[in-house]
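Before any comments, here is the structure.
Number of protein chains: 4
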Amino acid sequence: MSKKLRVTVWNEYRHEKKPGKVAEVYPKGIHEAIAEDLRAQSDMEVRTATLDEPEHGLSDAVLDATDVLVWWGHMAHKEVEDTIAAKVRDRVLNKGMGLVVLHSAHMSKPFLLLMGTSGALKWREDGLKEILWVTKPGHPIVKDINDHFVLEHEEMYGEHFDIPEPDELVLLSWFAGGEVFRSGCTWKRGAGSVFYFRPGHETFPTYYDKNVRSVIANGCRWAAPQGAPNVTYWKYESILGK
Amino acid sequence: MSKKLRVTVWNEYRHEKKPGKVAEVYPKGIHEAIAEDLRAQSDMEVRTATLDEPEHGLSDAVLDATDVLVWWGHMAHKEVEDTIAAKVRDRVLNKGMGLVVLHSAHMSKPFLLLMGTSGALKWREDGLKEILWVTKPGHPIVKDINDHFVLEHEEMYGEHFDIPEPDELVLLSWFAGGEVFRSGCTWKRGAGSVFYFRPGHETFPTYYDKNVRSVIANGCRWAAPQGAPNVTYWKYESILGK
Amino acid sequence: MSKKLRVTVWNEYRHEKKPGKVAEVYPKGIHEAIAEDLRAQSDMEVRTATLDEPEHGLSDAVLDATDVLVWWGHMAHKEVEDTIAAKVRDRVLNKGMGLVVLHSAHMSKPFLLLMGTSGALKWREDGLKEILWVTKPGHPIVKDINDHFVLEHEEMYGEHFDIPEPDELVLLSWFAGGEVFRSGCTWKRGAGSVFYFRPGHETFPTYYDKNVRSVIANGCRWAAPQGAPNVTYWKYESILGK
Amino acid sequence: MSKKLRVTVWNEYRHEKKPGKVAEVYPKGIHEAIAEDLRAQSDMEVRTATLDEPEHGLSDAVLDATDVLVWWGHMAHKEVEDTIAAKVRDRVLNKGMGLVVLHSAHMSKPFLLLMGTSGALKWREDGLKEILWVTKPGHPIVKDINDHFVLEHEEMYGEHFDIPEPDELVLLSWFAGGEVFRSGCTWKRGAGSVFYFRPGHETFPTYYDKNVRSVIANGCRWAAPQGAPNVTYWKYESILGK
């Protein structure tokens with residue numbers, strides 16, 4: 001493909017505006033930490049959008065120019081307008097826009113609309129070790145990973161994670177406190193592709209990690225649209241000649 | 243299991259109240275045609291509920307006494323209250339209530355909430371032949387079917403059918419006009435089971451067909467809840483002793 | 485179902501015949517430890533079979549009287565006759581016989597024939613803690629389990645586990661040494677059902693554990709055949725009237 | 727990707743050597759008809775191999791230089807050496823070589839080894855119409871297809887087709903005689919990708935059809951290896967520091 005992949009990184013961008021740990025770790029916002037690495041990819045064109053912009057930064061013009069949308073949200077899921085969330089869902093289903101859902105966005109409106117489940121899970125902010133194991137070697141999302149990688153300090157997420165059975169389970173997490181989690185999951189929905197990737201608590205420098213960055217960049221490439229499909233729906237005449 | 247399976251057959255029940263073909267075919271309503279056969283099963287206890295009853299006939303008391311909900315709707319999907327549709331979804335996810343979705347209920351609110359897709363498809367009311375082929379011999383839903391069965395007159399539904407890839411594809415339809423359709427599909431969602439079964443246009447006597455009745459009865463048994471799960475969600479202490 | 489489920493527990497039965505740890509833990513053989521609990525189930529009829537019996541104890545008469553076959557093997561996989569392994573596979577595909585594959589039987593011939601992958605994994609005999617987490621609450625295989633259970637001493641199995649993506653992932657394991665594993669997996673193959681369940685190293689008393697026993701008994705029930713399918717294959721006349 | 731995709735088209739090449747219909751339709755062999763179109767793709771490098779060459783044309787050197795193997799076979803499946811079939815399977819599992827399986831190769835050794843099922847189906851050489859419907863719009867394999875395409879004359883293949891539930895069902899066939907078939911199916915096995923595509927009876931000019939050619943070329947691209955995985959198997963030391 002000679003055309004660049006157009007990625008929009010969306011962030012709630014609330015935690016980082018208040019003084020404290022999050023602002024220290026991500027002074028320009030989580031979206032900028034993610035976008036920084038994606039901008040360094042020669043095959044990508046990157047923009048960002050945040051909750052408090054008009055239309056949450058997701059106007060039709062922006063979405064028209066978005067191949068893959070990366071989503072980070074946490075405390076303000078409910079402030080996302082239903083119409084915007086539905087628009088994101090419809091772009092995935094009908095236009096094949098890719099959606100990369102990060103960490104606490106397991107409770108975001110677009111993700112829950114596309115999954116149909118509650119997204120519930122266990123969590124604990126203990127900052128202990130997480131080890132991510134590859135369950136699908138040879139999958140493009142883990143192209144640059146050996147068979148595991150380690151994050152020294154992360155929030156714990158534990159099973160049961162209430163999602164539909166993933167089409168593909170790519171990564172599993174081990175946590176020092178005794179839990180496990182399906183941390184890299186893919187689903188097709190309509191013409192589009194959805195990738196959920198677990199790591200990324202706001203108080204840890206996870207989005208500067210080399211392996212995490214590889215997985216996100218690979219996930220964007222994997223979720224690239226394959227061209228809007230050309231399907232006729234509803235009332236239909238038989239194609240058999242009479 | 244000595245306890246009977248408690249099935250509630252829900253019907254929009256609008257077509258049948260107007261004089262015409264539908265009222266002739268289903269004088270007591272589609273729900274009664276379906277319920278009649280289920281009542282004849284020795285392992286089932288059957289009730290019905292319809293749109294125009296208070297709470298659409300789906301009070302908490304009724305849902306508490308429902309193991310599997312069968313759903314038929316067509317022209318009045320939008321009149322189903324969002325709160326009732328959400329309640330049905332939550333019973334499936336959290337309590338493991340089974341949901342058997344029939345024919346035009348591919349556009350019903352509870353089904354779309356659980357799937358996350360548009361449910362769109364092709365259709366044509368030509369009343370020609372449909373042949374249903376078993377793609378999963380040995381599956382409990384097709385226990386009493388050989389490897390296909392025929393409906394002489396049915397409405398056509400054609401692909402693309404916008405659903406998540408089924409966990410199991412049990413039946414495929416052939417239509418005389420040249421189309422095919424995924425007609426028997428299963429999904430797990432949360433603790434519950436969802437079965438979509440295509441046949442059943444209101445102007446044809448489909449719900450009196452022996453094979454259709456077998457599939458619906460088998461589908462109810464397959465979708466039976468396995469007991470409400472005992473899962474802890476949200477904030478969680480490590481179970482590792484210190 | 486009034487008829488009892490006919491379960492045959494197959495064991496390599498070599499480790500236990502030599503003096504040492506295994507013989508101490510399983511003096512009558514691993515098969516007897518497993519069968520003991522299944523015999524206590526009111527809905528099951530249980531027999532055992534072992535490698536060194538004629539036809540490995542799996543004559544046609546025995547297989548004809550077997551609804552579900554439980555398989556434990558480890559050091560002598562290669563001594564299983566190819567014809568017997570193929571017979572087991574064919575019974576699963578064509579007759580819907582259930583197959584419950586335990587622990588080191590991930591390398592057994594019948595399992596590999598049905599999967600088509602190498603079955604490779606990581607392992608370490610450290611005897612440390614394993615925690616099994618339910619990823620599919622409401623699934624019949626974990627009917628009597630809360631949302632996890634603990635085995636104080638087990639061998640470690642780690643990802644990547646080279647299996648086809650499971651139809652359903654029911655249990656995930658956490659190991660004290662840092663690994664994770666897909667420990668409860670289901671697949672449909674032909675008319676039959678296959679359940680792989682990880683725990684059960686020969687030097688630990690795993691098959692006396694209450695939760696392990698529940699999962700095995702539930703797994704046998706889940707894998708019960710649904711009646712041999714009635715499918716016509718090969719040359720076929722059109723069913724459309726002329 | 728600047729590097730070209732290295733495709734090897736394998737053909738049994740027996741039918742075409744005898745005078746008759748097949749030799750008329752495919753005078754240079756089915757492999758050359760397929761290769762002709764793939765050679766016209768700017769991103770591919772194509773070679774062919776046939777049964778009667780030494781090592782069936784699949785020496786280690788050839789396989790080392792093969793990213794994706796396309797396989798057509800029919801009457802001589804049994805003449806393929808077991809060691810060669812096993813080598814193909816192992817390249818798929820361990821090196822991520824893609825495998826595109828065409829028409830009657832549903833009974834070929836490499837395919838059956840990777841699937842674990844019998845591959846059985848119904849068939850009839852009636853030369854009537856086949857219509858292929860897209861069930862996964864937006865999938866790269868159907869990139870250049872609208873929502874269906876027609877083959878005026880083909881052999882019929884009908885369900886039940888004894889395969890593991892496909893990871894993705896991409897195309898469904900309708901046949902004029904009343905049957906349906908899962909005609910475009912994908913599976914991941916180990917590090918590799920397998921695509922089965924139904925059309926292509928030796929007496930019809932199917933492999934000159936524009937849409938069939940698109941699907942095969944797209945299928946090769948979809949099945950491209952993602953780099954040999956770097957996984958440690960077997961005995962494993964804990965990565966947790968002591």
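Chains as they are written, first to last, in the numbering used here: chain X, 1 to 242; chain E, 243 to 484; chain A, 485 to 726; chain Y, 727 to 968. All residues carry an ideal CB built from backbone N, CA and C; glycine is no exception.
Assuming residue i contacts residue j (C-beta within less than 8 Å), just tell me the rounded distance between them.
i                 : j                    : result
histidine 395(E)  : tryptophan 375(E)    : Not quite, the Cβ-Cβ distance comes to about 18 Å (not below 8 Å), so this is no contact.
threonine 8(X)    : glutamate 32(X)      : With a Cβ gap of about 13 Å, threonine 8(X) and glutamate 32(X) do not count as contacting.
isoleucine 700(A) : isoleucine 518(A)    : 6 Å
isoleucine 629(A) : phenylalanine 679(A) : Isoleucine 629(A) to phenylalanine 679(A), Cβ: 14 Å. No contact.
methionine 882(Y) : glycine 910(Y)       : With a Cβ gap of about 16 Å, methionine 882(Y) and glycine 910(Y) do not count as contacting.
valine 180(X)     : tryptophan 187(X)    : Not confirmed; about 20 Å, so no contact.
glutamate 928(Y)  : isoleucine 756(Y)    : 7 Å
Got a sec: is the Cβ-Cβ distance from residue i to anything in chain A below 8 Å?
i                : result
leucine 409(E)   : At residue 409(E) the sequence reads aspartate, which differs from the leucine that was named. By this cut-off, aspartate 409(E) is an interface position.
threonine 809(Y) : no
valine 170(X)    : no
alanine 465(E)   : no
glycine 338(E)   : yes
Taking only beta-carbon positions, decide if residue i is within less than 8 Å of chain X.
i                 : result
histidine 637(A)  : no
tryptophan 658(A) : yes
threonine 958(Y)  : yes
aspartate 873(Y)  : yes
arginine 682(A)   : no
alanine 917(Y)    : yes
Does any residue of chain Y have a CB that is nearer than 8 Å to the CB of residue i?
i                : result
leucine 375(E)   : Correcting the residue type first, residue 375(E) is tryptophan in the shown sequence and not leucine. Interface residue, yes.
glycine 711(A)   : no
valine 384(E)    : no
histidine 402(E) : yes
leucine 577(A)   : yes
leucine 583(A)   : no
glycine 116(X)   : no
Buried or exposed: residue i, going by 16 or more other Cβ atoms within 10 Å of its Cβ?
i                 : result
glutamate 961(Y)  : Checking the displayed sequence, the identity of residue 961(Y) turns out to be lysine instead of glutamate. By the neighbour-count rule (16 or more Cβ atoms within 10 Å), lysine 961(Y) is not buried but exposed.
glycine 746(Y)    : exposed
aspartate 536(A)  : exposed
aspartate 67(X)   : buried
aspartate 209(X)  : buried
glutamate 479(E)  : exposed
asparagine 336(E) : buried
lysine 620(A)     : buried
aspartate 37(X)   : buried
lysine 562(A)     : exposed
glutamate 372(E)  : buried
methionine 243(E) : Only weak support is given to the placement of methionine 243(E): the predicted model assigns it a pLDDT of 44, under 50, and the question is left unresolved by the model.
lysine 18(X)      : exposed
Return the first residue and the last residue of the beta strand (DSSP E) that residue i is part of.
i                 : result
lysine 562(A)     : Neither: lysine 562(A) is in no beta strand (DSSP E) and is coded neither H nor E.
glycine 711(A)    : Taken as a continuous stretch (DSSP letters only), glycine 711(A) belongs to no beta strand (DSSP E), as it is neither H nor E.
asparagine 253(E) : 247-253
threonine 912(Y)  : 906-915
glycine 918(Y)    : 918-923
glycine 642(A)    : 632-642
leucine 172(X)    : 168-175
I'd like to know if residue i contacts chain E, where contact means its C-beta is closer than 8 Å to some C-beta of that chain.
i                 : result
histidine 623(A)  : yes
lysine 562(A)     : no
tryptophan 123(X) : yes
tryptophan 187(X) : yes
glutamate 905(Y)  : yes
arginine 908(Y)   : yes
glycine 603(A)    : no
List the endpoints of the continuous alpha helix (DSSP H) containing residue i.
i             : result
serine 214(X) : 210-222
valine 62(X)  : 60-64
>> If we require 4 or more residues per run, which alpha helix (DSSP H) segments fall completely within the stretch 808-857 of chain Y?
In response: Segments of the alpha helix (DSSP H) lying fully in the stretch 808-857 of chain Y: 808-816 and 835-841.
> If you scan the stretch 510-542 of chain A from start to end, which runs of the alpha helix (DSSP H) of 4 or more residues do you find wholly inside it?
Replying inline: As far as the stretch 510-542 of chain A is concerned, its whole alpha helix (DSSP H) runs of at least 4 residues are 514-523.
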